[in-house]
Structures are given as structure tokens and as C-alpha cells.
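First comes the structure, then the notes that go with it.
Rendered as C-alpha cells:
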């Protein structure tokens, strides 16, 4: 432990190795004045349920379902604030329904200008419907993860977030588990308001050309995942092509066809890319499609940096016709990538390699030191 740490910092570091539900830490917070503050900081650092905040004011709640009967007094707000200022992470799943809607919404509207959750850095919402999608003011928020059923129910909230949480560095939103929704109903341009984004995951939402061009100008962006719309590669103008993502290390693309992925890669530059994942709905029809894909990966500028290329067809298709055969010449397309650590080629093709070709492949693998 560093010698420059003060006693409260040492205590907080030590308590951080305890489980958040550890009764010993709670006992210290209750019985020992010297340990109270760091112990409470540890106990309240991560909140997976809002009911502990409700139980701070028991006169305003019911045992079976927490609900509010009256407006909270200033003393009760002060009690809540004494704990909420310690919270750094909130993860709310569908089981939060033990708190009724009125009380839930009241927590996000304190009577003063100062936000109740002033130090929350990470927020995860998991809602099956839209009635609770009123998000609070989180001025210190760095990471936002949302799962929803109806994309229209949270679009306005996300646009508002760009103003009240300008320092957001990580943004992820997905359908609520296996909900069949159309994320293309959302205009993605609101994403451009965050200038410090490092991670953007919108796997089932397509990006338009304007948004993609704007993202290419974000120097902090290192991880990007989105659905590739069929028309996007054709919309990139000659004046913008090639788009350069200077520091992007991980790229995830979800597309119907491999040809769309290849077309996009031809028009962008990825000098720092280490991991490329392409999900495709339909198998490549010809060896030429696979060759073009790897040729454009090289064109994008990452043959010496890429470590983990993944090409995945998650579901079998009923497309008529014979399946192409994966041969040695297809696997040798990986040879120009000198720093490979991991390869995944999971497509609906047949594999036909002779013993001599397998030996040739093994000898080829020696060019990859890692």
C-alpha cells in the first residue's frame, strides 16, 4: 500500500476487499465512529435496488410495497442525501417494481437544485416497458447502459442526457433481452453531442452517414459496435472517404451480407485496430467474397495491429444452392496479418483439407508468434 495514503484512504482501501453485503462492515459503520465514514462509503458504493433508500424514511413506506403517502420533509431528504452522495454505481433490473411509480419518480426530483445522485459514475437500466423511463440528473455519469422494449420511449431521455451528463464516456443500449424491436426508428444523431465517448455499443441500431463521419472525429473513441445499414457504404461521399478512426481498437459490425462489411472497410481507415468482429445473416456465396473481405481489412490499414479477427454467421440459413468449400487458400488469407492471437471463422461452409494441406497450414501458423 502506498505510503502517501491517509488513514481514511487506507481504511477505504481495506474495506473495498470486503463483500458489499458483509455484515462486519455494516457493524463497523453502526458502532465505531472512526470507521463509520469509510465503511458507509463501501456499503453504498454500488446500489442494485432502490429499496434501501426508501427504508431510510420508514414512515413514508409500506412493508409489502414501498410507496409514498406524503411529501418528504427536509430532514428526510437530508437523510437520503447523506447516503446517495456515496453511491457510485446503480444497476436497476425489472425487480425494482417493489417501489411504486410515484415514489420512484420522486427520487429523481429533489426539492433543491442539487441532484440527489451527484456522484454516480455508472448507471444500468433494465426496463421491460416505458413507464419508468424518466432518468434523473447524473452530472458525474461516465457509463450508461440501457435495455428497453420500445425505442421511442427513451429517445427523448437520451437526448436530454447529452445535456445533463456531458462527460459520458461509455454508452450502450440494447433491446430488453429477446424483444423484437426496430432500433432503426431512432435518429442516431443525438450521439454526436457526447464529445468524450470512448465506447459506443448500439448493436441493433444502424448509424447514418452523418453520425459515422462525426464519430470518426472523436479522438477518444476506442470501441464501436453498430448495425450496418445496407445503404450506408454508398452514402459516404468522396470528400469524406476514407474515414479515419485514429484510435479505434475494437470494431463490431452486424450486417446482412459480408459484401456490405467489405464495402465499408474499403472506405475507412483503422490504424490502431486490434479486434474486428463481423456478424452476418447470410453465408458468403463465393470464395471471392471472403478474399475481398480480407483484402479490404488490409486496405483499412490494420494488418500489423489486428490480433483477433472474427467472422461469424450466428444462424444457419435456408438459402438454396451448394455450400462453398473452405480450402487451404481461404485460410491462407490470414497470413498477411502478422500479429494474430485469435481467429474465429464461423460460417456455413464445408471444410475440405487433405493431410498435406493440414501440415502446410500448421507450418504457416509459425508466422504468428503469439
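Residue numbers (the working numbering): 3 to 372. Glycine included, C-beta positions come from ideal geometry on N, C-alpha and C. Here the structure is a predicted model, which means the values were calculated and not measured.
In chain order, what residues of the same chain have a beta carbon less than 6 Å from the beta carbon of residue i, not counting five sequence neighbours either side?
{"i": "residue 171", "result": "144, 198, 200"}
{"i": "residue 252", "result": "225, 277"}
{"i": "residue 99", "result": "Below a pLDDT of 50, predicted positions are generally treated as unreliable, and residue 99, at 49, falls in that range; the measurement from the model is reported next regardless. Answer for residue 99: no residue qualifies."}
{"i": "residue 21", "result": "Residue placement at residue 21 cannot be trusted, given a pLDDT of 48 that sits under 50; what the coordinates show is reported in the next sentence. Excluding positions up to five away in sequence, the list is empty."}
{"i": "residue 351", "result": "325, 326, 328"}
Can you give the beta carbon distance from residue i to residue j, rounded, assuming they're within the 8 Å contact cut?
{"i": "residue 119", "j": "residue 86", "result": "5 Å"}
{"i": "residue 233", "j": "residue 274", "result": "Incorrect: roughly 28 Å between the Cβ atoms, too far for contact."}
{"i": "residue 330", "j": "residue 363", "result": "6 Å"}
{"i": "residue 303", "j": "residue 272", "result": "6 Å"}
{"i": "residue 42", "j": "residue 88", "result": "6 Å"}
{"i": "residue 241", "j": "residue 269", "result": "Not a contact, Cβ separation roughly 12 Å."}
Can you pull the DSSP bridge partners for residue i?
{"i": "residue 256", "result": "229, 281"}
{"i": "residue 314", "result": "281, 348"}
{"i": "residue 177", "result": "150"}
{"i": "residue 91", "result": "48, 124"}
{"i": "residue 416", "result": "Because the chain spans 3 through 372 in this model, residue 416 falls outside it and cannot be assessed."}
{"i": "residue 172", "result": "145, 201"}
{"i": "residue 353", "result": "328"}
{"i": "residue 2", "result": "In the structure displayed, the chain extends from 3 to 372; residue 2 sits before or after that span and is not available."}
{"i": "residue 271", "result": "246"}
Which same chain residues, not among the five before or five after residue i, have their C-beta less than 8 Å away from its C-beta?
{"i": "residue 117", "result": "138, 139, 140, 141"}
{"i": "residue 217", "result": "193, 194, 199, 202, 209, 223, 226, 247"}
{"i": "residue 166", "result": "139, 140, 141"}
From what residue to what residue does the alpha helix (DSSP H) around residue i run?
{"i": "residue 165", "result": "157-166"}
{"i": "residue 383", "result": "Residue 383 is absent from the model: the chain starts at 3 and stops at 372."}
{"i": "residue 298", "result": "289-301"}
{"i": "residue 85", "result": "76-86"}
{"i": "residue 217", "result": "211-217"}
What residues in its chain sit with their C-beta under 7 Å from that of residue i, if we drop five residues either side in the sequence?
{"i": "residue 2", "result": "Here the chain has residues from 3 to 372 only, and residue 2 is not among them."}
{"i": "residue 50", "result": "93"}
{"i": "residue 79", "result": "112, 113"}
{"i": "residue 262", "result": "230, 232, 235"}
{"i": "residue 164", "result": "192, 195, 196"}
Is the region 236-246 in contact with the region 256-264, if contact means three or more CB pairs nearer than 8 Å? no
Spell out a yes or no on whether the region 332-340 and the region 290-300 are touching, meaning 3 or more CB-CB pairs, one atom from each, closer than 8 Å. yes
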